[in-house]
Amino acid sequence: MYCSVHPNQPAVGYCQSCGGGLCYSCFHAWNPPTCQHCANVQFARQRSGNRGILVAAAVLFVIGVLFGLGSNSGLLVALAVGYVLAGFPAGWASLGSLVNRRGRTVFLILPIVGWLLLWVIRFALSPFVGIVALPIRIVAAIKGVKKADKALHG
Ligand SMILES: [Zn+2]
Ligand SMILES: [Zn+2]
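Structure representation (structure tokens):
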């Protein structure tokens with residue numbers, strides 16, 4: 013068995029994604045051990061995912077501002093509406109990870125009604141959580157894009 017990237021090097025391990033052989037230097041390049049090809053695929057996916065988050069936030073912000081301006085409530089209110097709308101997915105995601113971490117066992121006991129209730133509560137809380145979560149999420153997304161860019165080209 014030889015490294016899938018360096019055919020003249022003996023493999024010391026396997027890529028976690030495709031199962032290809034990894035030589036010593038490839039095995040220690042990424043954690044978990046991943047071949048360069050699979051690492052590039054993952055970084056490309058991470059980059060486009062983070063770009064999607066940024067684009068979605070920008071689009072929602074513009075929609076919110078236009079909606080606010082359309083309702084004739086002044087620029088400041090319009091900007092606030094845009095911000096809250098842009099933050100909604102961030103709030104939704106934050107609440108989701110909270111629920112996933114703490115509530116897995118609770119879900120097994122909850123009937124369908126409990127699920128629905130939880131979704132309604134999550135929906136209602138998302139705008140408020142989003143106000144805090146949006147800047148954190150945007151910074152993380154920009155960092156993610158930069159990191160992936162560096163890994164793919166650097
Ligand atoms: Zn691989
Ligand atoms: Zn190698």
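Numbering (my numbering), first residue to last: 13 to 166.
The beta carbon of each residue, even a glycine, is placed where N, CA and C say it ideally should be.
Here the structure is a predicted model, which is why all the values come from computation and not from measurement.
Notebook entry, point to check: Across which residues does DSSP place Pro139 in a beta bridge pair?
Noted result: Here residue 139 refers to the residue found at position 127 of the sequence shown. In the DSSP output, where bridge partners are listed per residue, Pro139 has none listed.
Notebook entry, point to check: For the alpha helix (DSSP H) that contains His49, what are its first and last residues?
Noted result: Taking the sequence shown and counting its residues from 1, one reaches residue 49 at position 37. First-last of the alpha helix (DSSP H) with His49: Gln48 to Gly82.
Item checked: Straight-line Cα distance separating Lys162 from Leu146 -> For the purposes of this step, residue 146 is taken as residue 134 along the sequence shown, with counting starting at 1. For the purposes of this step, residue 162 is taken as residue 150 along the sequence shown, with counting starting at 1. Their backbone Cα atoms lie some 24 Å apart in a straight line.
Next item on the list: Using three-state DSSP, classify Gly25 as helix, strand or coil.
Entry: For the purposes of this step, residue 25 is identified with residue 13 of the sequence shown, where counting begins at 1. Looking at Gly25 - three-state DSSP - the assignment turns out to be strand.
Check: Would Arg63 pass as a contact of Val157 if the rule is Cβ separation under 8 Å?
Finding: Taking the first residue of the sequence shown as position 1, residue 63 is located at position 51. Taking the first residue of the sequence shown as position 1, residue 157 is located at position 145. Result yes, Cβ atoms of Arg63 and Val157 sit closer than 8 Å.
Note to self: By the three-class DSSP mapping on this structure, what secondary structure does Gly33 have?
What the structure shows: Along the sequence shown, read from residue 1 onward, the residue named residue 33 stands at position 21. Three-state DSSP puts Gly33 in a strand.
Next item on the list: Flag Val71 as yes when its Cβ comes closer than 7 Å to any non-hydrogen atom of ligand 2, and as no otherwise.
Entry: Position 59 of the sequence shown, counting from 1, holds the residue named residue 71. No, ligand 2 has no heavy atom inside 7 Å of this Cβ.
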